[in-house]
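Engineer: Provided herewith is a single structure, encoded as structure tokens, for subsequent inquiry.
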Amino acid sequence: MNGSERRPAGKHPEQWVLIAPEAATEPPKTPDSEPVFTKLRNPSTGEATLYLFNSGAQQLFEVKAFHEEYHSWFIGETVQQDGRLLFITPMDPLFLILYYLMKADKEQQGKFQPLDQVVLDSEYPYCPLLLKCEGVKQSICHIAEEKEIGSQKFHKYSQEKTLKWLKKKVNQTVKALKSNGICVGERIYSSTFVSSKQITDSEEDYVRYAHGLISEYITEELSKELSKYLGLPELTVPAQEPPLKKRKLSDVPVEAEEDYTKFNSSNLKNKKTNTKMSAAQKALAKVDKSGMKSISSFFSSKPKASK
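With full-length UniProt numbering, letter number 154 in the sequence shown gets 154, and the count goes up by one each step, no holes.
Pasting the structure below:
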């Protein structure tokens with residue numbers, strides 16, 4: 001692997017974690033005999049995504065990076081600044097071929113074409129290696145119609161066959177989710193902001209979740225068609241209750257919501273209270289206050305002297 005350190009990850013025997021991904025930026029010169037890291041079009045978005053062909057380009061692997069800041073690796077006597085981990089898992093190359101078949105079907109108005117002319121991309125020179133992967137020529141019938149003229153075969157995209165093939169993928173995913181005891185109900189409802197203390201996983205929940213996983217490898221248009229083909233009802237987001245009104249903190253005076261004048265001192269005098277006076281208060285009440293000025297008089301303005 002061009003000197004990169006690697007170690008197995010996960011339960012899948014063909015899944016690996018690669019360290020120091022810079023070693024994979026330049027593909028080998030002999031792709032037929034060595035593994036090839038290369039960018040291909042993502043079948044869902046059409047954007048550049050990193051993939052791996054194994055030795056002899058017999059199998060395609062999806063490459064995903066796990067990256068956190070301030071991580072690095074010690075490799076031998078050197079420090080690798082980029083601390084990303086690359087997770088590599090096997091992938092069905094038909095998903096990428098399907099992208100080109102659908103594209104050619106729109107451009108050529110449903111005409112039959114040789115596969116080597118369909119799976120061709122000037123921006124991604126390793127794209128034709130998809131047709132070299134094991135089992136592609138035998139399984140292409142799941143997503144395309146085929147005609148043979150002489151010794152040459154011609155193909156075109158078939159939506160009917162593709163939906164049947166994708167439904168099998170969904171059913172296989174549902175089976176894998178159940179066998180591994182993965183709960184999917186809460187994940188589905190949390191994405192639609194539906195709150196429920198007790199959510200049980202129904203068959204529809206599993207199918208919907210599996211549909212979401214498969215949709216990561218197909219176009220949005222095809223994903224909608226697959227949802228209809230599976231008979232999945234559209235999820236509706238319930239209307240949320242309006243948030244409680246909160247008093248805004250600002251310098252602007254806030255209008256009183258109650259009549260606080262009823263608590264004026266004049267009204268309080270007429271109100272009987274059950275409070276008891278302390279000994280000091282009783283003693284102060286007996287003091288003769290004649291001739292004394294109140295404290296408020298010291299803060300009032302003095303009357304002007306007459307001229």
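Idealized CB from N, CA, C, for every residue including glycine. Since we're looking at a predicted model, the values are computed, not measured.
Starting from Glu-203, trace the alpha helix (DSSP H) in both directions and tell me its first and last residue.
Structural biologist: Residue mapping note: residue 203 aligns to position 203 of the sequence shown, counting from 1. From DSSP, the alpha helix (DSSP H) with Glu-203 extends over 203-214.
Engineer: Cα separation between Glu-26 and Leu-40?
Structural biologist: Mapped onto the sequence shown, residue 26 falls at position 26. Mapped onto the sequence shown, residue 40 falls at position 40. Low per-residue confidence applies at Glu-26: pLDDT is 43, beneath 50, and the placement is therefore not dependable enough to give any value.
Engineer: Considering only the beta carbon of each residue, do Met-102 and Glu-62 sit closer than 8 Å?
Structural biologist: The count along the sequence shown starts at 1 and reaches residue 102 at position 102. The count along the sequence shown starts at 1 and reaches residue 62 at position 62. In this structure, Glu-62 does not lie closer than 8 Å to Met-102 by Cβ.
Engineer: Where does Ile-149 sit, in a helix, a strand or coil, going by DSSP?
Structural biologist: Against the sequence shown, residue 149 aligns to sequence position 149. Strand at Ile-149.
Engineer: On a Cα-Cα basis, can you pick out the residue from Val-119, Lys-224, Pro-125 and Asp-205 that is closest to Leu-131?
Structural biologist: In the sequence shown, the residue the question calls residue 131 occupies position 131. When only C-alpha atoms are compared, the closest one is Val-119.
Engineer: If we ignore side chains and look at the alpha-carbon of each, how far apart do Lys-148 and Phe-74 end up?
Structural biologist: Taking the first residue of the sequence shown as position 1, residue 148 is located at position 148. Taking the first residue of the sequence shown as position 1, residue 74 is located at position 74. Looking at the sequence shown, residue 148 is not Lys but Glu. Straight-line Cα distance between these residues: approximately 56 Å.
Engineer: If you follow the beta strand (DSSP E) that Tyr-51 is in, where does it begin and where does it stop?
Structural biologist: Counting from one through the sequence shown, the residue named residue 51 turns up at place 51. From DSSP, the beta strand (DSSP E) with Tyr-51 extends over 48-53.
Engineer: Over the uninterrupted beta strand (DSSP E) stretch that includes Leu-235, give me the two end residues.
Structural biologist: In the sequence shown, the residue the question calls residue 235 occupies position 235. Here Leu-235 belongs to no beta strand (DSSP E), and DSSP marks it neither H nor E.
Engineer: List the endpoints of the continuous alpha helix (DSSP H) containing Ile-143.
Structural biologist: As a working note, residue 143 is residue 143 in the sequence shown. It is not in any alpha helix (DSSP H) - Ile-143 carries neither H nor E in the DSSP assignment.
Engineer: Can you list, in chain order, the residues of its chain whose CB lies under 6 Å from that of Val-254, leaving out five sequence neighbours each side?
Structural biologist: To locate residue 254, count along the sequence shown from 1; it is residue 254. Only weak support exists for where Val-254 lies, its pLDDT of 48 falling under 50; the value from the coordinates is given anyway. Closer than 6 Å at Cβ, skipping near neighbours: no residue.
Engineer: According to DSSP, is Thr-219 helix, strand or coil?
Structural biologist: Translated into the one-based positions of the sequence shown, residue 219 becomes position 219. It is coil, neither helix nor strand.
Engineer: Kindly list the residues whose CB is nearer than 7 Å to the CB of Val-174, restricted to its own chain and excluding five residues on each side of it in sequence; keep chain order.
Structural biologist: As a first step, residue 174 is located in the sequence shown; it is residue number 174 there, counting from the start. Around Val-174: Tyr-206, Val-207 and Ala-210.
Engineer: Which term fits Ser-179, buried or exposed, when burial requires 16 or more other beta carbons within 10 angstroms of its beta carbon?
Structural biologist: As a working note, residue 179 is residue 179 in the sequence shown. Result: exposed.
Engineer: Any idea what DSSP makes of Leu-230, helix, strand or coil?
Structural biologist: Taking the sequence shown and counting its residues from 1, one reaches residue 230 at position 230. Leu-230 falls in the coil class under three-state DSSP.
Engineer: Considering only residues of the same chain and omitting the five flanking positions on each side of Cys-133, which have a CB-CB separation below 7 Å?
Structural biologist: Locating residue 133 in the sequence shown gives position 133, counting from the first residue. Within the same chain, Cys-133 has close Cβ partners Ala-57, Gln-58, Gln-59, Leu-60 and Pro-93.
Engineer: Within the same chain, show all residues whose beta-carbon is closer than 6 Å to that of Thr-162, passing over the 5 residues directly before and after it, in chain order.
Structural biologist: Mapped onto the sequence shown, residue 162 falls at position 162. Ile-143, listed in sequence order.
Engineer: So, with DSSP's three-state summary, where would you put Phe-112?
Structural biologist: Walking along the sequence shown from the start, residue 112 turns up at place 112. Three-state DSSP puts Phe-112 in coil, outside helix and strand.
Engineer: So what does Gln-80 bridge to, in DSSP terms?
Structural biologist: Against the sequence shown, residue 80 aligns to sequence position 80. Paired residue(s): Trp-73.
Engineer: At a cut of 8 Å, does the segment 71-86 reach the segment 94-113 through at least three beta carbon pairs?
Structural biologist: The answer is no - the segment 94-113 does not touch the segment 71-86, with fewer than three Cβ pairs under 8 Å.
Engineer: Measure the alpha-carbon distance for Glu-34 versus Ser-122 and round it to whole angstroms.
Structural biologist: Counted from its first residue, the sequence shown places residue 34 at position 34. Counted from its first residue, the sequence shown places residue 122 at position 122. Taking the straight line from one Cα to the other gives about 22 Å.
Engineer: So Phe-95 packs on Lys-156, CB below 8 Å; how close in whole Å?
Structural biologist: Looking up residue 95 in the sequence shown gives position 95. Looking up residue 156 in the sequence shown gives position 156. With a Cβ gap of about 18 Å, Phe-95 and Lys-156 do not count as contacting.
Engineer: Looking at the unbroken beta strand (DSSP E) that takes in Val-63, where does it start and where does it end?
Structural biologist: Start at 1 with the first residue of the sequence shown, and residue 63 comes out as number 63. Val-63 -> beta strand (DSSP E) spans 60-66.
Engineer: Roughly how many angstroms separate the alpha carbons of Leu-166 and His-67, rounded to a whole number?
Structural biologist: By one-based count along the sequence shown, residue 166 stands at place 166. By one-based count along the sequence shown, residue 67 stands at place 67. Answer to the nearest angstrom: the Cα atoms are 31 Å apart.
Engineer: Please report the Cβ distance between Leu-230 and Val-170, rounded to the nearest whole angstrom; I am assuming they are in contact, meaning their Cβ atoms lie under 8 Å.
Structural biologist: Looking up residue 230 in the sequence shown gives position 230. Looking up residue 170 in the sequence shown gives position 170. About 7 Å; that satisfies the 8 Å criterion.
Engineer: From Ile-182 to Tyr-217, what does the alpha carbon distance come to, in whole angstroms?
Structural biologist: Here the question's residue 182 lines up with position 182 in the sequence shown. Here the question's residue 217 lines up with position 217 in the sequence shown. Answer to the nearest angstrom: the Cα atoms are 21 Å apart.
Engineer: What are the boundary residues of the alpha helix (DSSP H) that includes Leu-129?
Structural biologist: Along the sequence shown, one-based indexing puts residue 129 at 129. Counting along the chain, Leu-129 falls outside any alpha helix (DSSP H), and DSSP gives it neither H nor E.
Engineer: I need the boundaries of the alpha helix (DSSP H) containing Thr-173, first residue and last residue.
Structural biologist: Against the sequence shown, residue 173 aligns to sequence position 173. Thr-173 -> alpha helix (DSSP H) spans 159-179.
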